[in-house]
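Student: One structure, as structure tokens, below. Some questions next.
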Amino acid sequence: MRMSTRGLLMKIFMSNTENKIDSKGRVSIPSQFRSVLEFQGFAGVYLFPSFTSQCIDGGGQILINQISESVEKMQLFAEETDALTTALFSETYQLNYDQDGRVSLPGELITHANLNDRVTFAGLGQKFQMWEPSAFEEFKSKARIKALENRDLIGPSLNFSSSKKENE
Numbered sequence: 015m016r017m018s019t020r021g022l023l024m025k026i027f028m029s030n031t032e033n034k035i036d037s038k039g040r041v042s043i044p045s046q047f048r049s050v051l052e053f054q055g056f057a058g059v060y061l062f063p064s065f066t067s068q069c070i071d072g073g074g075q076i077l078i079n080q081i082s083e084s085v086e087k088m089q090l091f092a093e094e095t096d097a098l099t100t101a102l103f104s105e106t107y108q109l110n111y112d113q114d115g116r117v118s119l120p121g122e123l124i125t126h127a128n129l130n131d132r133v134t135f136a137g138l139g140q141k142f143q144m145w146e147p148s149a150f151e152e153f154k155s156k157a158r159i160k161a162l163e164n165r166d167l168i169g170p171s172l173n174f175s176s177s178k179k180e181n182e
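Residues in the sequence shown are numbered from 15 upward in steps of one, following our numbering.
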């Protein structure tokens with residue numbers, strides 16, 4: 015959990031875990047992710063193909079609300095708005111999980127993320143991603159390099175520089 019900008023406690027998606035996909039395309043949403051989803055008031059998940067990677071983006075009600083609010087600020091009848099909303103909302107799946115925490119992944123999402131019998135769930139704060147495990151390891155290695163290069167973007171409140179000399 016973390017404090018939101020309004021001072022309320024918020025749960026976020028953190029960590030990563032690998033789960034099995036059964037022969038029917040069902041996968042168990044990690045329990046810590048289900049806890050976040052239920053905290054947001056929905057015993058299910060929203061999943062859609064990532065725009066930036068060969069993976070699946072997922073989240074709860076907060077993520078969908080943020081996307082919806084962002085889209086509402088765009089010009090209603092603009093071609094760009096239609097393209098974005100079509101890509102976002104027409105490819106988003108609202109899936110309830112069963113008593114075992116499993117969802118049935120749509121074939122389109124399995125194909126998009128090149129999934130077989132295993133999937134890695136990676137927490138990204140207000141959303142999570144679902145990856146083919148070896149693709150996630152490759153992405154994670156590259157992400158660490160980019161994060162190090164761009165660490166100053168997080169702001170002055172966190173200091174990641176361990177080589178800073180005193181009295182400079």
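The beta-carbon is built from N, C-alpha and C at its ideal position, and this holds for glycine as well.
Beta-carbon within less than 6 angstroms of G139's beta-carbon, same chain only, minus the 5 sequence neighbours each way: which residues are those?
Tutor: Taking the first residue of the sequence shown as 1, we reach residue 139 at position 125. Once the five neighbours on either side are set aside, the close Cβ partners of G139 are I26.
Student: Mind checking whether G74 and V59 have CB atoms under 9 angstroms apart?
Tutor: As a working mapping, residue 74 is identified with position 60 in the sequence shown. As a working mapping, residue 59 is identified with position 45 in the sequence shown. In contact: G74 and V59 (Cβ atoms closer than 9 angstroms).
Student: What does the alpha-carbon distance come out to for the pair E146 and D71?
Tutor: Here residue 146 is taken as the residue at index 132 of the sequence shown, counted from 1. Here residue 71 is taken as the residue at index 57 of the sequence shown, counted from 1. If I take the Cα positions, the gap works out to 13 angstroms.
Student: To which residues of the same chain is T31 closer than 6 angstroms at the C-beta, ignoring the five residues directly before and after it?
Tutor: Taking the first residue of the sequence shown as position 1, residue 31 is located at position 17. Same-chain partners within the cutoff: P44, F135.
Student: If you follow the alpha helix (DSSP H) that L123 is part of, which residue opens it and which one closes it?
Tutor: If you number the sequence shown from 1, residue 123 lands on position 109. Unbroken alpha helix (DSSP H) run through L123: 121-126.
Student: Quick one: grab the DSSP three-state call for E163.
Tutor: Here residue 163 is taken as the residue at index 149 of the sequence shown, counted from 1. If DSSP states are grouped into helix, strand and coil, E163 belongs with the helices.
Student: Tell me the DSSP secondary structure of D96 in three-state form.
Tutor: Sequence index remark: in the sequence shown, residue 96 carries index 82 (1-based). The answer is helix: DSSP assigns D96 an H, G or I state.
Student: Using beta-carbon positions only, say whether G137 and F53 come within less than 9 angstroms of one another.
Tutor: Numbered from its first residue, the sequence shown carries residue 137 at position 123. Numbered from its first residue, the sequence shown carries residue 53 at position 39. Result no, Cβ atoms of G137 and F53 do not sit closer than 9 angstroms.
Student: Could you check if Q80 is buried or exposed, using at least 16 other CB atoms within 10 Å of its CB as the buried criterion?
Tutor: For the purposes of this step, residue 80 is taken as residue 66 along the sequence shown, with counting starting at 1. Burial call: exposed.
Student: How is E105 classed by DSSP in three states: helix, strand or coil?
Tutor: Start at 1 with the first residue of the sequence shown, and residue 105 comes out as number 91. DSSP places E105 in coil when its eight states are reduced to three.
Student: Determine which residues share a DSSP beta bridge with G137 and list them.
Tutor: For the purposes of this step, residue 137 is taken as residue 123 along the sequence shown, with counting starting at 1. According to DSSP, G137 bridges with F142.
Student: Give the DSSP-derived three-state secondary structure of F91 in the structure shown.
Tutor: Locating residue 91 in the sequence shown gives position 77, counting from the first residue. Three-state result, F91: coil.
Student: First and last residue of the alpha helix (DSSP H) that includes N79?
Tutor: Within the sequence shown, the letter at position 65 stands for residue 79. From DSSP, the alpha helix (DSSP H) with N79 extends over 75-86.
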